[in-house]
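Here the structure comes first, spelled out in structure tokens, and everything after it is commentary.
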Ligand code: NI
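Residue numbers (the numbering used here): 14 to 246.
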């Protein structure tokens, strides 16, 4: 038999499931998310130079392009209020190949790894909702490491008399802008997707045995896509 008390209890349970306040963000909340993060360069390069002059093998020019990579991403968000938070983006190292564009189109020139830690201020528009949208702006530091010239580029450059290639890619500071969505599954768990643009401008330097130097500026300026699962503490 269904009593009034049971009805009240059932209503209270239903309300707690559907109530938006069951998943509202508050100051002091911490959200940890893990998932996939893809760095998709939207690069534009400047013409490579050899010893300060535009590198031109047959009257044309060469720029460097960078391919995309997907890694395990991790973000941690700390809420300062129900609307404002700070977020740190971390990931396992991304691996990219820098390839030639123009005269050296299709030649893989160098491989590099990079880490792009990014600290952002986040603003949630609707922290009470099951569907929480937010925007963020922050600062990125991208560190490039384990740079290596490819064997095919080494062979091609040696053929031009440029032996002993040693490549270095400069680290980059830049701004980051993002938009994201949390879909609350229950009080603790959520799905998240976000896209961010990061201003990553760098320079590749290739030094040779005879002191010659090739320099190529690259504005990598990637779109960074993240799909993840979040847990709120
Ligand atoms: Ni840029």
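Think of the CB as a built atom: it goes at the ideal place given N, C-alpha and C, for glycine as much as any other residue.
With distances taken Cα to Cα, identify the nearest neighbour of residue 104 among 227, 56, 41, 131. Numbered from 1 along the chain shown, position 91 holds the residue referred to as residue 104. Nearest C-alpha to residue 104: 131.
Shorter than 7 Å, the distance from the beta carbon of residue 195 to the closest heavy atom of the ligand NI, or not? As a first step, residue 195 must be located in the chain shown, where it is residue number 182. Residue 195 Cβ: outside cutoff for every heavy atom of the ligand NI.
For residue 183, verify whether its CB is less than 7 Å away from any heavy atom of the ligand NI. Indexing the chain shown from 1 puts residue 183 at position 170. Every heavy atom of the ligand NI is 7 Å or more from the Cβ of residue 183, so no.
Check whether the Cβ of residue 53 lies closer than 7 Å to any heavy atom of the ligand NI, and answer yes or no. Looking up residue 53 in the chain shown gives position 40. Of the heavy atoms belonging to the ligand NI, none sits nearer than 7 Å to the Cβ of residue 53.
Alpha-carbon to alpha-carbon, residue 219 and residue 176: For this step, residue 176 is matched to residue 163 along the chain shown. For this step, residue 219 is matched to residue 206 along the chain shown. Their backbone Cα atoms lie some 11 Å apart in a straight line.
If you follow the beta strand (DSSP E) that residue 203 is part of, which residue opens it and which one closes it? Counted from its first residue, the chain shown places residue 203 at position 190. Segment 202-211, the beta strand (DSSP E) holding residue 203.
In chain order, what residues of the same chain lie with their CB nearer than 7 Å to the CB of residue 164, ignoring the 5 residues before and after it? Locating residue 164 in the chain shown gives position 151, counting from the first residue. Listed in chain order, the non-local C-beta contacts of residue 164 below 7 Å within the same chain number zero, local neighbours out to five positions each way being set aside.
Please state if the CB of residue 217 and the CB of residue 180 are separated by a distance shorter than 8 Å. Here residue 180 corresponds to residue number 167 of the chain shown, with the count starting at 1. Here residue 217 corresponds to residue number 204 of the chain shown, with the count starting at 1. Yes, these two residues count as a Cβ contact at 8 Å.
Counting only the same chain and skipping the five closest in sequence on each side, list residues whose C-beta sits under 6 Å from that of residue 174. On the chain shown, residue 174 is found 161 positions in, with the first residue counted as 1. For residue 174, where only same-chain residues beyond five positions count, there are no Cβ hits under 6 Å.
Residues of its chain near residue 58, where Cβ-Cβ distance is below 8 Å and the 5 sequence neighbours each way are ignored: The residue you call residue 58 lines up with position 45 of the chain shown. Excluding sequence neighbours, residue 58 sits near 76, 77, 78, 114, 229, 230, 231, 232.
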